Structures are given as C-alpha cells and as structure tokens.
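Shown next, in structure tokens, is the structure this report addresses.
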Amino acid sequence: MAYKKILVVSDNEHILSFLIDFLGRTPELSADRSFRFVCSPRNNALAGKHIGDYVVEPFDVKLNYQETTKYHDLVISAHCKQLFPEELIASCKCINIHPGFNPYNRGWYPQVFSILNGLPLGATIHEIDPEIDHGSIISQKEVPLYAWDTSLDAYNRVQEAEEELITQSLGHILDASYTTSSPSEEGNLNLKKDFETLREINLDGNVTYKQALDRLRALTHGDFKNAYFYDLGTGKKVYVTIKLEPED
Ligand code: 0FX
115 MAYKKILVVS DNEHILSFLI DFLGRTPELS ADRSFRFVCS PRNNALAGKH IGDYVVEPFD
175 VKLNYQETTK YHDLVISAHC KQLFPEELIA SCKCINIHPG FNPYNRGWYP QVFSILNGLP
235 LGATIHEIDP EIDHGSIISQ KEVPLYAWDT SLDAYNRVQE AEEELITQSL GHILDASYTT
295 SSPSEEGNLN LKKDFETLRE INLDGNVTYK QALDRLRALT HGDFKNAYFY DLGTGKKVYV
355 TIKLEPED
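Structural data, given as structure tokens:
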C-alpha cells in the first residue's frame, strides 16, 4: 500500500521549501499523489505564502482532525508547532521530521541542550506516537558538535542532515516500504520553558569557564536575543552573544 493523499504540516519555511523543491525535482514521487501544505493558524509568516506551486494554508490540527483523516492517508509534520491529537495519531499514519537525534534531547531546540549536556545531536524521521519525538525511528543521522559551535552553527549542520534524510527516505515513506527501529532508550525531553529558564544569566553564578562558555554558545543563534543579564547600576536588561573562532 502506498500513501496517495498527503498533508504536510509545518511551521518552518526552510524545511517546507526544501520538501516542496525536492518534490518538484523528483516528479516520480508526486505522480498520482496529492499534496497539501499547511501551517499553524497563528503562523502569520507562512500562512498564505506561495512556495513553488503551492499556497500554504493555515490549519488547526486539533479542530480539523476528522477532515484530516477523511481526506488524507498520511500526515507529515515538518517542524509543526501544534501537538497532534491522539485521535489523529490513532486513525492516520503520522510521521515527524525532527531536528534532533532521538531519543536524546527530544523536544525543543535539541542543539541548545546538546551543547549543554553533551548528548548526541542529529536529525530523525520517525512515526508519531502520543509522546513527543518518541515513536519508531525510520531514519536518523548524527552530526558532530565542536567546542566552538554556537547554536546556529550546530543547527545549520542539523538542517543539512534533515535534508539528507528527506532525500533518502521520502520515497520509502510515500511507498510505505520503510522499516523502523525502536529508540534505544526513553531518552530525555526538553520543553520551551526549559529553554526560557536558560536565558537569564546570573552574574553571581558559581560556574566554571567551560560551563559559562557552553551556556553562551548554546544561546547564541544569529540575531536572536536569547541570553541576557540585568545591569546592577541601571537595571537595564543587557543581551549577550558570543563569538568563537577556531584557529585554521
Ligand atoms: O522549527 P524549529 O527548528 O524546531 C522547533 C523545535 O526545536 C522542534 O523540536 C519542533 N519539532 C519544532 C516544531 O519546533 O524551531 P524554530 O524555527 O522556531 O527555531 C530554529 C532555531 O532558532 C532554534 O533551534 C533555536 C533558534 N531560536 C529560535 C527562536 C524563536 C533561538 O535561538 N531563539 C528564539 O527565540
């Protein structure tokens, strides 16, 4: 049995554009299939956007799960920020493309936590079960982490790994000819609030240089204002990023 009516739910323009472009470059995958690309209703940056031949529609997976199962036989989450309702997971094959190396640092911003706790980092495509980033693994690729990586450096490497996995596995997924393996252990899960907790730097914190450097590079991601401290004199919030440069 091959999947024919595919709903792709995403809140990440980069991965969505890659998927749409890849389908355009491999017409044998889209022949005899219909694809619909949707994003979270509050994603103003993506809703209504034209990508390739498609327009991204706002879509609430909780409210519309009956419509989803009626009109689609496969749902692919490509960095979808909505949690899938259990009724949807139970009645339709749901697959997730995740920017982390399951089962380590499942959940929010895996590279941030891998920089801090040293657990493996990479990308994973897996079946969705009721727990976050937890189901049977279809394909995964680990990426290296270097002592000079910021969150953005590591994330860029993870994105490349995701693109490789999509290129290798999407055909097998659409043909339902893939095999799976169970995650090696339960692993660990980080939530958005765990990331938020990391952002304030306590100037009186008693940490090693390594811990301080790791915290700052885990929170340095391009122009995002993640890490901050409060200046004692003025009470001003001061944002911090770090630059690291390995010798050639
Ligand atoms: O789409 P995504 O790369 O992934 C996130 C979760 O990490 C992932 O587990 C979940 N499946 C998916 C639905 O959402 O996240 P993003 O595009 O919001 O952010 C990409 C990176 O940017 C993130 O890994 C860290 C960085 N970032 C993002 C924001 C919004 C920051 O450093 N600070 C920020 O405020």
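Counting from 115, one number per residue, gives the positions in the sequence shown under my numbering.
The beta carbon of each residue, even a glycine, is placed where N, CA and C say it ideally should be.
In this text, all values refer to a predicted model and were calculated from it rather than measured experimentally.
Out of L133, E127, I129, H128, the CA that lies nearest to the CA of L288 is found in L133. For V352, the uninterrupted beta strand (DSSP E) run begins and ends at 351-354, by DSSP. Going by DSSP, A326 is part of the alpha helix (DSSP H) stretching over 323-332.
According to DSSP, N210 shares a beta bridge with S191, H240. Distance from the CA atom of E241 to the CA atom of Y117, rounded to whole angstroms, is 14 Å. Here the alpha carbon of K163 sits roughly 8 Å from the alpha carbon of E171.
Nearest in C-alpha terms to D247, of all of Y269, L284, P217, is P217. Placement of the Cβ of P172 at a distance of 6 Å or more from every heavy atom of the ligand 0FX is found. The count of Cβ pairs closer than 8 Å, one atom from the stretch 243-262 and one from the stretch 293-307, reaches three, so the stretches are in contact.
Using a 10 angstroms sphere on the CB of L305, the tally of other CB atoms stays under 16, which defines it as exposed. Contact between the stretch 222-233 and the stretch 265-284 is present, with at least three C-beta pairs closer than 8 Å.
Excluding the 5 residues flanking it on each side, G221 has same chain C-beta neighbours closer than 7 Å at I246, D247, L303, N304, L305, in chain order. Exclusion of the five residues before and after T182 leaves L121, V175, V189, L202, C206 as the residues of its chain whose Cβ lies within less than 8 Å of its Cβ. A Cβ-Cβ distance of about 6 Å is found for the pair V257 and L235, placing them in contact under the 8 Å criterion.
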